[in-house]
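Q: Have a look at this one.
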Amino acid sequence: EVQLVQSGAEAKKPGESLKISCKGSALSFIPYWVAWVRQMPGKGLEWMGIIYPGDSETRYSPSFQGQVTISADKSISTAYLQWSSLKASDTAIYYCARGGYSGNVRGAFDMWGQGTMVTVSS
Amino acid sequence: QSVLTQPPSASGTPGQRVTISCSGSSSNIGSNFVNWYQQLPGTAPKLLLSSNSPRPSGVPDRFSDSKSGTSASLAISGLQSEDEADYYCAAWDDSLNGWVFGGGTKLTVL
């Protein structure tokens, strides 16, 4: 079955670093854009950014530019979302989602990971 | 505050038809396709409808979408209890050069 599998829940302290992952199968991952979406507790969906694993071209939402780093390793069909210094306000569920094929950055998110809960608390 | 505007809530009784609106601007809905996502309680969102691709497998034809100018709508006919969920619209925004979501609409089946 084609799916995106995310890394498990994380509990961190403010100021700590974190990298979470999203793994797909080669055929369902590398030729597609992969987006990251945040959902804060009880709130809606927010697009954070998107990467094309084939060449690592990345685009960020202005709200998240400089706050997180999105990367990918196409050799293992995995995308990453990374923080260098977490804040309590980063507490949320983070979803990865498969986007458009090849050059189509505007393709719909047709496959979603199960989500990774990140809790940041002192 | 979300770039796309949706009503925070909607409701209906089983069998009714309900619509959820999504209002944007010329840089997003006015010039790009609109996608609708359904998020059942405690689960990840899933693609419900996209005006740029075929209906996803398993999505009943009770769900339909439309767009006019800078607004879009999702319609659900023959409402069922299993339709109780949060619904989000999304579109590419040419000015932001990225995706924007609506704030979401919580649908309650009475």
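Line by line, the protein sequences give chains X and D. With this note's numbering, you'll find the first sequence wraps up at 408, consecutive numbering, no jumps. With this note's numbering, you'll find the second sequence wraps up at 764, consecutive numbering, no jumps. Every residue gets a Cβ at the ideal spot worked out from N, C-alpha and C, and that includes glycine.
1. So, is Q368/X buried or exposed, given that buried needs 16 or more other C-beta atoms within 10 angstroms?
2. Name the one or two DSSP bridge partners that N689/D has.
3. In the DSSP assignment, find the unbroken beta strand (DSSP E) run with F717/D in it and report its ends.
4. What's the C-alpha gap between W746/D and T724/D?
5. Starting from G398/X, find everything on chain D with Cβ-Cβ shorter than 7 Å and list it in chain order.
6. With distances taken Cα to Cα, identify the nearest neighbour of A358/X among G386/X, I316/X and S349/X.
7. Please tell me whether G752/D has its Cβ less than 8 Å away from any Cβ of chain X.
8. Name the one or two DSSP bridge partners that V763/D has.
9. Only counting the same chain, and skipping five residues up and downstream in sequence, which positions put a Cβ closer than 6 Å to that of G756/D?
10. Can you tell me which of the three DSSP states F395/X falls into?
11. Are the beta-carbon atoms of L733/D and T667/D separated by less than 8 Å?
12. If I'm right that I379/X touches G352/X with Cβ under 8 Å, what's the distance once you round it to whole angstroms?
13. Using a Cβ-Cβ cut-off of less than 8 Å, list which residues of the region 679-692 of chain D approach chain X; keep chain order.
14. Give me the chain D residues within the contact set of S375/X, using Cβ-Cβ distance strictly less than 7 Å, ordered along the chain.
15. Name the chain D residues that come within less than 8 Å of E332/X, Cβ to Cβ?
16. Going straight from the alpha carbon of S293/X to that of I306/X, what length do you get?
17. Compile a chain-ordered list of the residues in the region 306-322 of chain X whose CB is closer than 9 Å to at least one CB of chain D.
18. Could one say the Cβ of Y742/D lies closer than 8 Å to chain X's Cβ atoms, at least one of them?
19. Quick one: does S725/D have its CB under 8 Å from some CB of chain X?
20. Is there a Cβ from chain D that is less than 8 Å from the Cβ of P348/X?
21. Consult DSSP for I379/X and reduce its assignment to one of helix, strand or coil.
22. Between the region 390-404 of chain X and the region 289-303 of chain X, do three or more beta carbon pairs fall short of 8 Å?
23. Taking the straight line between their C-alpha atoms, what separation do you get for K298/X and Y387/X?
24. Reducing DSSP to helix, strand and coil, say where S361/X ends up.
25. So T762/D packs on E736/D, CB below 8 Å; how close in whole Å?
A: Looking at the atomic coordinates:
1. Q368/X should be labelled exposed.
2. Paired residues: S704/D and A744/D.
3. That run of the beta strand (DSSP E) goes F717 to S722.
4. Looking at the two C-alpha atoms, the distance is approximately 13 Å.
5. Reading the sequence as shown, one finds Trp at residue 398/X and not Gly. Going along chain D in sequence order, the residues near W398/X (Cβ under 7 Å) are A698, P699 and K700.
6. The shortest Cα separation from A358/X among G386/X, I316/X and S349/X belongs to I316/X.
7. By this cut-off, G752/D is an interface position.
8. Under the DSSP definition of a beta bridge, V763/D partners with G666/D.
9. Residues S656, L658, Q660, C676, Y742 and C743 of the same chain have their beta carbon placed closer than 6 Å to that of G756/D, with the five preceding and five following residues left out of the count.
10. Reduced to three states, the DSSP call for F395/X is coil.
11. T667/D sits close to L733/D, with the two beta carbons spaced by under 8 Å.
12. By a beta-carbon distance limit of 8 Å, I379/X does not contact G352/X. Their separation comes to about 22 Å.
13. Within the region 679-692 of chain D, the residues whose Cβ lies closer than 8 Å to some Cβ of chain X are N686, F687, N689 and Y691, listed in chain order.
14. By Cβ distance, chain D contributes nothing, its closest Cβ being about 17 Å from S375/X, past 7 Å.
15. Residues of chain D passing the Cβ test: F755.
16. So the alpha carbons of these two residues sit roughly 6 Å apart.
17. Cβ contacts with chain D: A321.
18. By the rule that beta-carbons nearer than 8 Å mark a contact, Y742/D touches chain X.
19. S725/D does not count as touching chain X.
20. Interface annotation, P348/X: in contact with chain D, CB-CB separation under 8 Å.
21. The three-state reading of DSSP puts I379/X in strand, counting E and B together.
22. By the criterion of at least three beta-carbon pairs nearer than 8 Å, the region 390-404 of chain X is in contact with the region 289-303 of chain X.
23. About 35 Å.
24. S361/X falls in the helix class under three-state DSSP.
25. Not quite, the Cβ-Cβ distance comes to about 13 Å (not below 8 Å), so this is no contact.
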